[in-house]
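To keep things clear, I will list the structure first and then write my remarks on it.
Protein chains: 2
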Amino acid sequence: MPRDTLSSDQIVEAAIALLDEEGLGGLNMRALGKRLGSAATAVYWHVGSKDNLITLAGDRVWSELTLPEAPAGPDGWRAAAEALAVGVHAMLTRHPWLVQAFGAHLMFGPAKARHDDYILALHENAGFTPAEADQASAALLTFVLGNALGPAAQAALTRKLAREGDGDAEARLAEGMAQAREVASVHPRLRARLEAESGTDYGAAPQDTFTFGLHALLDGLAARLATTRR
Amino acid sequence: MPRDTLSSDQIVEAAIALLDEEGLGGLNMRALGKRLGSAATAVYWHVGSKDNLITLAGDRVWSELTLPEAPAGPDGWRAAAEALAVGVHAMLTRHPWLVQAFGAHLMFGPAKARHDDYILALHENAGFTPAEADQASAALLTFVLGNALGPAAQAALTRKLAREGDGDAEARLAEGMAQAREVASVHPRLRARLEAESGTDYGAAPQDTFTFGLHALLDGLAARLATTRR
DNA sequence: GGGGCGAATTGAACGGCGTACAAGTCCCTG
DNA sequence: CAGGGACTTGTACGCCGTTCAATTCGCCCC
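So the sequence lines, in the order shown, correspond to chains S and Z. Mapping of the first sequence onto UniProt numbering: residues 1 to 230, in sequence order. Mapping of the second sequence onto UniProt numbering: residues 1 to 230, in sequence order.
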């Protein structure tokens with residue numbers, strides 16, 4: 001028999017796989033148990049509760065991010081900060097459920113702590129005062145998180161429609177989109193947007209939107225930094 | 001008897017009250033029915049499903065925002081944009097559940113559409129190209145949303161601990177915070193932050209963090225605007 | 001090698017949830 | 001007054017997170 005005793009690592013791994021495939025709403029203990037070849041309740045001995053498991057999974061995902069050896073010096077700040085933000089953005093794109101979990105579970109573990117400390121150090125090394133470094137780091141992070149909310153909702157909705165499965169997975173989605181378009185079409189600018197990019201789905205534009213906003217934010221922070229350094 | 005027939009307005013109002021008091025996880029159809037003096041299932045005739053109800057509630061809340069009569073001209077852009085962002089931030093503070101709903105429900109209704117169109121017009125009037133106006137509006141909005149995630153999680157956690165109610169509502173919270181501090185204390189910068197503001201709760205700092213980041217973002221957008229106008 | 005003990009797993013069960021549905025009640029119109 | 005649509009109700013189903021007593025497994029010591 002291939003079945004050995006479970007480990008929390010195995011469980012967290014399986015949970016992440018399930019979350020990536022089925023979304024936050026698709027993770028439930030019975031499905032997780034089946035995936036692990038165990039009874040659903042075996043998980044509880046290792047992780048205590050579903051909330052705990054989600055926190056564990058979130059921190060594990062957060063540890064995917066690779067941090068350069070030493071925080072960049074005063075001049076490398078901007079490139080390093082941008083790279084960091086892009087990395088987090090990519091992570092949230094890979095794991096859309098994470099941003100939903102962030103809104104409901106107060107996730108903070110060793111990997112997140114390491115990451116936070118790194119960003120803080122990066123900003124202090126660049127010349128920000130400690131208080132400014134704190135706020136600048138938070139601004140960067142919350143901007144990235146906010147950008148992930150839309151795609152997360154999109155993914156959740158798509159999955160829900162697919163799971164209802166009354167045969168017409170895409171039909172319902174199209175219907176909902178059409179309804180949204182109808183609501184939007186009352187307003188001139190929104191209608192113009194809709195006509196401009198008629199065939200675009202929700203997932204295409206945000207990438208450009210993200211880099212545009214990120215660059216603007218970095219510009220603003222760089223300006224602060226310039227006045228602080230003087 | 002004070003019982004009359006329900007209206008969807010009544011239902012949405014009661015749902016918002018329940019959401020504000022108990023959080024997103026505290027809204028359930030039986031409790032809502034009890035609050036309305038009806039059977040739980042009576043709600044379904046009016047709003048169809050819980051998802052629908054949440055979307056309705058979200059749009060109703062979004063309509064709380066008052067938009068100045070006409071979008072500001074080229075010079076008033078910055079003040080108007082800041083005021084708008086601050087207004088949305090305040091709204092999300094009043095209704096922390098809304099940002100959670102945004103991550104799971106793709107909320108888009110008439111009030112949100114009106115608001116989006118208004119912001120778009122504001123940016124176009126200021127001199128942004130349509131494409132830039134789109135991205136700048138989105139950047140502003142996602143930044144505000146991202147800032148609301150932390151407090152939302154905090155509120156959700158507090159409520160959950162209170163509802164478990166094993167007598168020690170604050171004890172568990174303090175325990176969790178202490179645990180987080182222990183994790184954080186391995187890293188020098190985080191430890192410094194903890195020692196600096198030892199008695200601060202999660203809700204105090206974010207306000208300053210929000211205005212700091214917002215100003216930086218607005219600065220960056222203003223710089224874009226300057227180059228575009230020329 | 002056998003006995004024992006803690007680690008790990010199991011299946012049944014509980015209470016709460018969203019919601020479908022058939023049956024009922026109310027009220028307005030012709 | 002008869003009919004029919006608007007509206008409400010109670011019951012029930014299936015899924016969920018979690019608890020718990022009972023059971024099995026694996027290792028260490030005598």
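Virtual Cβ for every residue (Gly too), placed ideally from N, Cα, C. Fair warning: this is a prediction, and the values are worked out from it, not measured in the lab.
CB residue i to CB residue j, shorter than 8 Å?
i      : j      : result
L214/Z : E82/Z  : yes
A42/Z  : G48/Z  : no
N125/S : P71/S  : yes
L88/Z  : G103/S : With the sequence shown as reference, residue 88/Z is identified as Val, and Leu is not the correct amino acid for it. Result no, Cβ atoms of V88/Z and G103/S do not sit closer than 8 Å.
A15/S  : L24/S  : no
A40/S  : M29/S  : yes
T142/S : L149/Z : yes
A113/Z : I54/Z  : no
L194/S : W97/S  : no
R191/S : A184/S : yes
D59/Z  : G109/Z : yes
L145/Z : D134/Z : no
Sort the options by Cα distance to residue i and report the nearest one.
i             : options                           : result
residue 240/Z : L122/S, P188/S and L24/S          : Since the first residue of chain Z shown is 1 and the last is 230, residue 240/Z is not available in this structure.
L92/S         : V12/S, V61/S and Q154/S           : V61/S
E13/S         : G25/S, E64/S and T41/S            : E64/S
H123/S        : G103/S, L84/S and F108/S          : L84/S
L173/S        : L106/Z, L173/Z and F143/Z         : L106/Z
R224/Z        : E21/Z, W77/Z, S7/Z and H46/Z      : W77/Z
L36/Z         : A121/Z, A138/Z, T5/Z and A184/Z   : T5/Z
L217/Z        : I11/Z, A139/Z, G150/Z and D75/Z   : A139/Z
E22/S         : L157/S, T227/S, Q135/S and A136/S : L157/S
T228/S        : P110/S, L120/S and A131/S         : A131/S
residue 237/S : F128/S, M177/S and H115/S         : Any answer about residue 237/S is impossible in this case: the structure gives chain S only from 1 up to 230.
A31/Z         : H95/Z, M177/Z and I11/Z           : I11/Z
Y44/Z         : D208/Z, S7/Z and T211/Z           : S7/Z
P151/Z        : A111/Z, A90/Z and D9/Z            : A90/Z
T209/S        : P74/S, T66/S, V86/S and L67/S     : V86/S
N52/Z         : V186/S, T66/S, G176/S and D219/S  : G176/S
T66/S         : A111/S, S137/S, S38/S and A153/S  : A111/S
Quick one: what does DSSP say residue i is sitting in, helix, strand or coil?
i      : result
G203/S : Residue confidence is low: G203/S scores 49 on pLDDT, short of 50, so the model does not pin down where it sits. No coordinate-derived value is stated.
G220/Z : helix
V186/S : coil
T129/S : coil
N147/Z : helix
L106/S : coil
A70/Z  : coil
G176/S : helix
D75/S  : coil
G37/Z  : coil
H215/S : helix
H123/S : helix
N52/S  : helix
P2/Z   : Note that P2/Z has pLDDT 39, beneath the 50 cutoff, so the model's placement of it is unreliable and no number is given.
L65/S  : coil
L32/S  : helix
H89/S  : helix
G23/S  : coil
H95/S  : coil
S137/Z : helix
S8/Z   : helix
May I ask whether a heavy atom of the ligand ADP can be found less than 7 Å away from the beta carbon of residue i?
i     : result
E69/S : You won't find the ligand ADP in this model; it holds no ligand whatsoever.
Output, in sequence order along the chain, the residues in the region 69 to 84 of chain S whose CB is closer than 8 Å to any CB in chain Z.
Hits within the stretch: zero.
When Cβ atoms are compared, which residues of the region 95 to 112 of chain S fall closer than 8 Å to chain Z?
From the region 95 to 112 of chain S, only V99, Q100, F102, G103, A104, H105, L106, M107, F108, G109 and P110 have a Cβ closer than 8 Å to chain Z.
Residues of the UniProt domain "HTH tetR-type" (5 to 65) of chain Z whose Cβ lies closer than 7 Å to any Cβ of chain S, in chain order:
Hits within the stretch: zero.
Where the region 142 to 156 of chain Z meets chain S: residues whose CB sits under 9 Å from a CB there
Of all residues in the region 142 to 156 of chain Z, T142, F143, V144, L145, G146, N147, A148, L149, G150, A152, A153, Q154 and A156 have a Cβ within less than 9 Å of some Cβ in chain S.
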